[in-house]
Amino acid sequence: MSIRNLSLLSALAAAALLSACASAPATTPAPGTAARPAGGHGLQAFLGSYDTNRDGQVMRAEFDAVRLQRFRAADTNGDGVLSEAEYVAEFEGRLKRQYFDDGKQPDKAYENSIKQAHVRFAIVNRARDGQFTAAEDAAIADKTFKNLDTNGDGTVSKEDPPRPPQARANDD
Ligand SMILES: [Ca+2]
Ligand SMILES: [Ca+2]
Ligand SMILES: [Ca+2]
Numbered sequence: 001m002s003i004r005n006l007s008l009l010s011a012l013a014a015a016a017l018l019s020a021c022a023s024a025p026a027t028t029p030a031p032g033t034a035a036r037p038a039g040g041h042g043l044q045a046f047l048g049s050y051d052t053n054r055d056g057q058v059m060r061a062e063f064d065a066v067r068l069q070r071f072r073a074a075d076t077n078g079d080g081v082l083s084e085a086e087y088v089a090e091f092e093g094r095l096k097r098q099y100f101d102d103g104k105q106p107d108k109a110y111e112n113s114i115k116q117a118h119v120r121f122a123i124v125n126r127a128r129d130g131q132f133t134a135a136e137d138a139a140i141a142d143k144t145f146k147n148l149d150t151n152g153d154g155t156v157s158k159e160d161p162p163r164p165p166q167a168r169a170n171d172d
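Counted from 1, the sequence shown has number 116 at position 116 by this note's numbering; the numbering is strictly sequential.
Shown next as structure tokens:
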């Protein structure tokens, strides 16, 4: 009996871990739209990625901790900065996991997402020195968080009224 309970517990723990990685709503993106791994757009995805204590809101400390953890995990050669290869590999790791969770095979949207990750690296690496630093990441994180915390109370939750959707400039 206790063994059964144990295995049930570990199954539950695994499920909780998985759901922490996956972006919540299984909405199917429009064809041609780049796939969004966990941490992509939308409050549900944001909570799924960063609300580590599952209280329905993301405090700044939670957000910063996950970002830092992700940055360090991505820095596979441990030199304190991310090369383009490290940056894209980290993104692809999350994308792969999401495809796996959704039972999908890599497709056109997958390829587009990887291409976009390379483009993003060029954008985030403002100094164009091939190195994305933790400081650069922190500056972007600050913007992202403030953008989502629309009522400005220092946490991101469903209490934050959504901003009107931005007009999408791209159509491929
Ligand atoms: Ca929380
Ligand atoms: Ca590195
Ligand atoms: Ca808020």
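Glycine is no exception: its CB is placed at the ideal position from the N, C-alpha and C atoms.
Item	Value
Unbroken beta strand (DSSP E) runs of length 3 or more, entirely within the segment 115-164: which are they?	155-157
Note down, one range per segment and in chain order, each beta strand (DSSP E) of at least 3 residues found wholly within the segment 56-82.	57-59
Can you tell me the Cα-Cα spacing of A109 and A85, whole angstroms?	20 Å
Within 10 angstroms of its Cβ, does A117 collect 16 or more other Cβ (buried), or is it exposed?	buried
I need the straight-line Cα distance from T133 to A61, nearest angstrom please.	19 Å
I want to check one thing, is the minimum distance from the CB of D101 to the heavy atoms of ligand 1 below 7 Å?	no
Return the CA-CA distance between S157 and G42, expressed in angstroms with no decimal places.	11 Å
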